[in-house]
Structures are given as C-alpha cells and as structure tokens.
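**Student:**
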Amino acid sequence: MSDHSMPWVEKYRPKSLSEVTSQSTTTNVLQKSLHSANLPHLLFYGPAGTGKTSTVLALARELYGPNLMKSRILELNASDERGISIVRDRIKKFARLAVSNPTAEDLEKYPCPPYKLIILDEADSMTTDAQSALRRTMENYAGVTRFCLICNYVTRIIDPLASRCSKFRFKSLDEELGVRRLQYIAQQENVEVSESTLREILEVCEGDLRRGVNLLQCVSTVLLEHGLEGNIKQLFGHLPSELVDEMISVIQEKDLTKVLQFTENKILKQGYSATFVFNALHDQLLLSDTGLALSLTNNTKNNISRILWEADRKICGGGNESIQVLDCLFKLSDSM
Numbered sequence: 279m280s281d282h283s284m285p286w287v288e289k290y291r292p293k294s295l296s297e298v299t300s301q302s303t304t305t306n307v308l309q310k311s312l313h314s315a316n317l318p319h320l321l322f323y324g325p326a327g328t329g330k331t332s333t334v335l336a337l338a339r340e341l342y343g344p345n346l347m348k349s350r351i352l353e354l355n356a357s358d359e360r361g362i363s364i365v366r367d368r369i370k371k372f373a374r375l376a377v378s379n380p381t382a383e384d385l386e387k388y389p390c391p392p393y394k395l396i397i398l399d400e401a402d403s404m405t406t407d408a409q410s411a412l413r414r415t416m417e418n419y420a421g422v423t424r425f426c427l428i429c430n431y432v433t434r435i436i437d438p439l440a441s442r443c444s445k446f447r448f449k450s451l452d453e454e455l456g457v458r459r460l461q462y463i464a465q466q467e468n469v470e471v472s473e474s475t476l477r478e479i480l481e482v483c484e485g486d487l488r489r490g491v492n493l494l495q496c497v498s499t500v501l502l503e504h505g506l507e508g509n510i511k512q513l514f515g516h517l518p519s520e521l522v523d524e525m526i527s528v529i530q531e532k533d534l535t536k537v538l539q540f541t542e543n544k545i546l547k548q549g550y551s552a553t554f555v556f557n558a559l560h561d562q563l564l565l566s567d568t569g570l571a572l573s574l575t576n577n578t579k580n581n582i583s584r585i586l587w588e589a590d591r592k593i594c595g596g597g598n599e600s601i602q603v604l605d606c607l608f609k610l611s612d613s614m
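Here the numbering used here = 1-based position in the sequence shown + 278.
1. Tell me whether the segment 363 to 377 and the segment 326 to 345 touch, counting them as touching only if at least three CB pairs, one residue from each stretch, are closer than 8 Å.
2. Starting from His560, trace the alpha helix (DSSP H) both ways and give me its first and last residue.
3. Using the three-state DSSP reduction, which class does Ser444 fall into: helix, strand or coil?
4. Measure the beta-carbon distance from Leu564 to Ile582 and round it to whole angstroms, keeping in mind my assumption that it falls under 8 Å.
5. Thinking C-beta only, is Gln301 closer than 8 Å to Cys333?
6. With a Cβ-Cβ cutoff of 8 Å, do Tyr323 and Arg447 count as a contact?
7. Using only the alpha-carbon positions, how far apart do Ile435 and Gly456 sit?
8. Answer with buried or exposed for Trp587, where buried requires no fewer than 16 other C-beta atoms within 10 angstroms of its C-beta.
9. Which same chain residues end up closer than 7 Å to Ser407 when comparing Cβ atoms and leaving out the 5 residues on each side of it in sequence?
10. Determine the extent of the beta strand (DSSP E) in which Asp399 is found, giving its start and end residues.
11. What is the DSSP secondary structure of Tyr323, counted as helix, strand or coil?
12. Rounded to the nearest angstrom, what separates Asn543 and Met614 at their Cα positions?
13. Give me the Cβ distance between Leu460 and Leu476, rounded to the nearest whole Å; I'm assuming they're in contact under 8 Å.
14. Count the C-beta pairs between the segment 587 to 596 and the segment 512 to 527 that are closer than 8 Å, then say yes if the count reaches three, no if not.
15. From what residue to what residue does the beta strand (DSSP E) around Asn468 run?
16. Beta-carbon separation of Ile510 and Leu570 under 8 Å?
17. Leaving aside the five residues before and after Tyr290 along the sequence, list all residues of the same chain whose C-beta is less than 6 Å from its C-beta, in chain order.
18. Keeping to the same chain, check which residues put their C-beta closer than 6 Å to that of Lys609; ignore five residues upstream and five downstream.
19. Between which two residues does the beta strand (DSSP E) holding Glu268 run?
20. Going by other Cβ atoms of all chains shown within 10 Å of its Cβ, with 16 needed for buried, is Thr304 buried or exposed?
21. Measuring only the C-alpha atoms, how far is Arg368 from Glu359?
22. For Lys387, which residues from the same chain have a beta carbon less than 7 Å from its beta carbon, with the 5 sequence-adjacent residues on both sides left out?
23. Check whether the Cβ atoms of Ala442 and His319 lie closer than 8 Å to each other.
24. So Thr433 and Ile396 are in contact, right, with Cβ under 8 Å, and what is the actual spacing, rounded?
25. Work out the CA separation of Lys536 and Ser600 for me, nearest whole Å.
26. Is it right to say Leu317 is buried, meaning 16 or more other beta carbons lie within 10 angstroms of its own, or is it exposed?
27. Specify the secondary structure class of Cys429 as computed by DSSP and reduced to three states.
28. Between the C-alpha atoms of Asn598 and Asp612, what's the straight-line distance to the nearest angstrom?
Put into structure tokens, the structure is as follows:
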C-alpha cells in the first residue's frame with residue numbers, strides 16, 4: 279500500500295519510542311531496558327487510543343529491527359478468540375519455537391535479545407480459563423519468550439497473570455501534546471487547519487489520539503473542501519449548543535406534550551444518538567459553571583445524575599434508544 283493511500287493512523291504510527299506521544303514515564307523506562315537481555319513480561323493498560331499497541335511495536339522494532347521482527351513477534355487480538363484454544367493452538371506453539379539467529383547486520387544495529395515477543399491485544403476480553411492457561415505458558419517458556427498483555431481494564435486480568443508482569447499505565451492524551459501531534463500530521467499532509475479546529479477534534483475524541491488522527495483525516499477530505507470548519511462536533515453527531523439549551527428549556531416547562539414533540543421532532547427524527555443526548559445533558563446540567571447548573575441544588579444534581587445513569591445503563595443493556603430518551607426527558611422534567 280502506498281503512503282498516499284494509507285490511513286493516516288497507520289502512516290503516522292510511532293516508529294520508535296521517542297515518537298510516542300504523552301507517555302514519557304513509560305517510554306523512559308522501556309528505553310533503559312532496551313539493551314537488557316532480561317526484559318520482564320509487560321502489562322500495558324489504559325484508555326483506548328493512548329498508544330499501548332504503538333509503544334510495544336516501537337519497542338519491538340528497536341529490539342529486533344524490521345527484518346527480525348517477522349520471526350520474533352507474534353501479535354494477536356484476544357477479542358477474536360477469547361477461549362482457551364488460542365492459548366493451546368497459537369500462543370503455545372509460537373512460545374515453544376527455538377529463537378531464530380539474527381544476521382551480523384542486525385546484531386550491529388539492534389540489541390536482538392535471545393527471546394521472542396508475544397503481543398496479546400485486548401487481553402481483558404479473554405476468559406478466566408484462557409488466562410489461567412496463559413499463566414502456565416508464561417512460566418514454562420520464560421527462557422525464550424516474553425509476553426506483552428494489552429488491555430483497557432487491568433481489573434479484568436487475573437491476579438496470578440498480572441503479578442508476573444511489570445505494569446505500565448497509559449494515561450489519557452495531554453491536550454497540548456495532542457495538538458502538536460495533529461499539527462505535525464497536518465503539516466506533513468499539507469492541510470491548512472486552525473488550532474481551534476484541532477482542539478475541537480481532541481475534545482470530540484476524548485483523549486483517544488488514534489480516533490483524533492482518523493477525525494483529522496476525515497476533516498481534511500470532507501469539511502475543509504466545503505468550508506465547514508468549525509462544525510466538527512455536529513459532523514460527528516454531537517448536539518449543537520443551541521439545541522441543548524432548547525431541550526433544557528422544554529424540560530423546565532414540565533409540559534409532557536411539549537417534551538414528547540421536541541424529542542420526536544428535534545432529537546429522534548434528526549438521528550441524534552441517545553448517548554450524545556445524555557452526554558450533552560450531563561455536561562450542561564452537572565459540569566457547566568454557568569447558567570442553570572449554578573442554580574441547581576446538590577440534591578437535584580444527584581437526582582439528575584441517577585436518571586442519566588439509569589437511562590445509559592438501559593441503553594448499554596440493549597434497550598430501545600427512542601424509549602430511553604423519552605423516559606429520561608420525562609423524568610428530568612419531573613425532577614427539575
């Protein structure tokens with residue numbers, strides 16, 4: 279695939295640890311372990327899009343080089359095969375293989391330690407039985423194989439597995455570093471985009487740099503051609519602030535007929551997601567330091583928080599979005 283047709287998220291994936299954004303503590307520790315033949319098993323955890331997979335791939339590239347990586351690295355996504363079969367059929371077979379010998383050229387340029395590396399992405403989706411089987415494999419083949427487990431929720435990794443790894447927490451993206459990274463990509467692609475638009479992209483992606491790069495590519499090919507810069511949030515389904523203000527005004531009137539008409543005509547028929555509706559209400563009623571949020575009592579805010587939580591929980595459990603949005607707005611109208 280040519281660079282021109284490659285998705286930007288892959289084209290600008292960090293090639294070395296020094297290029298990883300906003301994870302200096304982790305990368306500094308890994309840099310020091312590059313020349314050690316005793317790299318521990320690793321456990322990377324944190325929100326999506328914070329550079330966990332990119333970091334371990336950059337580490338592998340600096341350990342082995344691009345040629346030796348092909349025989350020394352096994353990268354799996356545990357969400358594809360969650361059960362014990364993935365441990366027996368793929369991981370164990372690769373772990374027991376003898377370590378291939380590096381060429382003299384590779385040895386000159388890279389450390390080439392005498393072990394392979396198995397990268398297990400989304401390890402928190404593995405069943406408990408599969409994780410238990412993986413623990414035994416890690417013990418038996420520690421001499422020739424290292425593991426890097428990657429997950430969003432470290433609490434879903436069983437203790438016997440987690441205790442065998444050095445843990446590294448990946449924090450959410452720092453806004454200033456994120457802006458600089460997006461500016462660099464925009465410059466490389468000859469895209470003229472304002473800093474305010476980049477900040478709006480980062481706000482939409484909520485610390486997920488991978489999503490931010492994807493949004494930037496979308497913005498560069500769709501929005502800027504039509505002069506729509508400044509409408510980033512609306513493009514990706516967020517409610518305009520004017521619509522949120524109108525929704526809150528309708529709720530305060532306590533007229534259920536108006537609430538029903540507003541919900542049908544302004545929310546559901548316009549295709550807004552229930553999640554974005556709940557998020558907008560949460561930000562405006564509970565987090566805002568202006569307007570109505572300042573006049574609400576703590577007890578009222580507690581009730582609002584509970585109503586929004588219940589509605590979101592039902593959506594996550596498979597509930598009908600239209601019904602849950604209506605139910606949520608009716609309850610808010612009654613409680614405010």
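Don't be surprised by glycine CBs; every beta carbon is placed ideally from N, CA and C.
**Tutor:** Taking the definition as stated:
1. Touching, no, given that fewer than three Cβ pairs across the two stretches are closer than 8 Å.
2. Element bounds for His560: Ala552 to His560.
3. When secondary structure is reduced to three states using DSSP, Ser444 falls in the strand class.
4. Indeed they touch by this definition, with Cβ atoms about 6 Å apart.
5. This sequence places Thr at residue 333; Cys is not what is there. Taking 8 Å as the Cβ cut-off, Thr333 and Gln301 qualify as a contacting pair.
6. The Cβ-Cβ distance between Tyr323 and Arg447 falls below 8 Å.
7. A straight line joining the alpha-carbon of Ile435 with that of Gly456 spans about 29 Å.
8. Trp587 counts as exposed, since fewer than 16 other C-beta atoms from the protein chains shown sit within 10 angstroms of its C-beta.
9. Note that residue 407 corresponds to Asp in the displayed sequence, not to Ser. Cβ within range, chain order: Ile362.
10. Residues Lys394 to Asp399.
11. Strand.
12. Approximately 22 Å between the Cα atoms of the pair.
13. Indeed they touch by this definition, with Cβ atoms about 5 Å apart.
14. Fewer than three pairs of CB atoms, one per stretch, sit closer than 8 Å, so the segment 587 to 596 makes no contact with the segment 512 to 527.
15. Note, Asn468: premise wrong, no beta strand (DSSP E); not H, not E.
16. No; because the gap between Cβ atoms is not below 8 Å, this pair is not in contact.
17. Same-chain partners within the cutoff: Ile463.
18. Answer for Lys609: Ile585, listed in chain order.
19. For residue 268 there is no data in the structure shown, the boundaries of the chain being 279 and 614.
20. So Thr304 counts as buried.
21. Between the C-alpha atoms of Arg368 and Glu359 there is a straight-line separation of about 10 Å.
22. Result list for Lys387: Gly343, in chain order.
23. Residue identity check: residue 442 is Arg in the sequence provided, not Ala. Less than 8 Å separates the beta-carbon of Arg442 from that of His319.
24. 22 Å between Cβ atoms; not a contact.
25. Spanning the two alpha carbons is a distance of roughly 16 Å.
26. Buried is the call here.
27. Three-state result, Cys429: strand.
28. So the two alpha carbons sit approximately 21 Å from each other.
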